[in-house]
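Going left to right, the sequence shown walks through residues 17 to 225 as this note's numbering numbers them.
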Amino acid sequence: MKFIESYKNCFTREMNNNLALKREMDRVKEVCKKLDIKIESKPKKVYFWNRPVEENGSKFIIEKEFMDKHMWFRNNRLLGNMMNDYYKLTYIEQQLIPEILHQNIKLGVKEVLANAEVTKNIKRMRDELLESVDWNDKEVIVDEIRRKEVKNIAIKNLKKTITASFEITIAVYGKKRSVKQNKHHSCTMEFTKEDGVWKASNFTYTELY
């Protein structure tokens, strides 16, 4: 959370030092509970990367179209960009990583949010887990994803690349779920933007003992 916390702290500090901004923010209702930001009308649906998402209290990146509707975002580009980055990193940590893992481990190959190489590596990990036990009716399920953290933001091959690390526990079941074995891994996942959509571009894993 170090990158996300730095955005939050910087944003809060700027708010405290800018009375005009604070007055502007007081006219509107809440955008993000974590930052205690108030905006006037909360949309029923937000859009990010051309994907509509029903609003349910989770934190998402706000698209430029939404930001342009509010004077605060238009007049404070630096803070608007900071807010956008805050949402982006939170989205990657809290939603994108779990969604990619659940899609590929439980449901099999699916390349919507990850490229073919990432899908192949996750499938390899999945197959290794299935082969590690000598049971009938085997299946693997993501049991826990913990310690998710954006570790680095860099430019690679002229693209912004966000690197996140996490640990994962995968439950290997057999004999119609009458037996179970947990496997633990330390993982790293990189993300780049392709055709306006953030996708996983690299995935590595190491088994924890």
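Note that CB positions come from ideal geometry on N, CA and C, so glycine has one too.
I need the DSSP call for residue i, collapsed to helix, strand or coil.
{"i": "ASN152", "result": "coil"}
{"i": "LYS192", "result": "coil"}
{"i": "TYR225", "result": "coil"}
{"i": "ASN173", "result": "coil"}
{"i": "ASN100", "result": "helix"}
{"i": "ASN218", "result": "strand"}
{"i": "ASN137", "result": "helix"}
{"i": "ASP143", "result": "helix"}
{"i": "ASN232", "result": "Not covered by the structure: residue 232. The range shown for the chain is 17 to 225."}
Got a sec? Which residues, its chain only, sit under 6 Å from residue i by beta carbon, not counting five neighbours each side?
{"i": "ARG312", "result": "Absent from the model: residue 312. The displayed extent of the chain is 17 to 225, so no value can be given."}
{"i": "GLU223", "result": "HIS201"}
For residue i, does the count of other Cβ atoms within 10 angstroms reach 16, so buried, or fall short, so exposed?
{"i": "THR135", "result": "buried"}
{"i": "GLU147", "result": "exposed"}
{"i": "ASN137", "result": "buried"}
{"i": "LEU174", "result": "exposed"}
{"i": "ALA170", "result": "exposed"}
{"i": "GLU109", "result": "buried"}
{"i": "LYS172", "result": "exposed"}
{"i": "TYR225", "result": "exposed"}
Where residue i and residue j are concerned, what is the direct C-alpha to C-alpha distance, given to the nearest angstrom?
{"i": "LEU117", "j": "VAL149", "result": "21 Å"}
{"i": "ASN218", "j": "ILE186", "result": "20 Å"}
{"i": "LYS215", "j": "ALA130", "result": "5 Å"}
{"i": "ASN152", "j": "ARG140", "result": "20 Å"}
{"i": "LYS80", "j": "ARG193", "result": "In this predicted model, LYS80 has a pLDDT of only 47, less than 50, meaning its place in the structure is not dependable enough to derive any value."}
{"i": "VAL166", "j": "THR179", "result": "6 Å"}
{"i": "LYS196", "j": "CYS203", "result": "22 Å"}
{"i": "GLU206", "j": "THR177", "result": "7 Å"}
{"i": "LYS209", "j": "TYR221", "result": "22 Å"}
Between which residues of its own chain and residue i is the CB-CB distance below 7 Å, once the five residues before and five after are set aside?
{"i": "ASP159", "result": "THR185, ILE186, ALA187 and ASN198"}
{"i": "PRO114", "result": "ILE161"}
Tell me which residues share the same chain as residue i and place their Cβ nearer than 8 Å to its Cβ, disregarding the 5 neighbours each side in the sequence.
{"i": "ILE157", "result": "ILE121, LYS122, ILE186, ALA187 and TYR189"}
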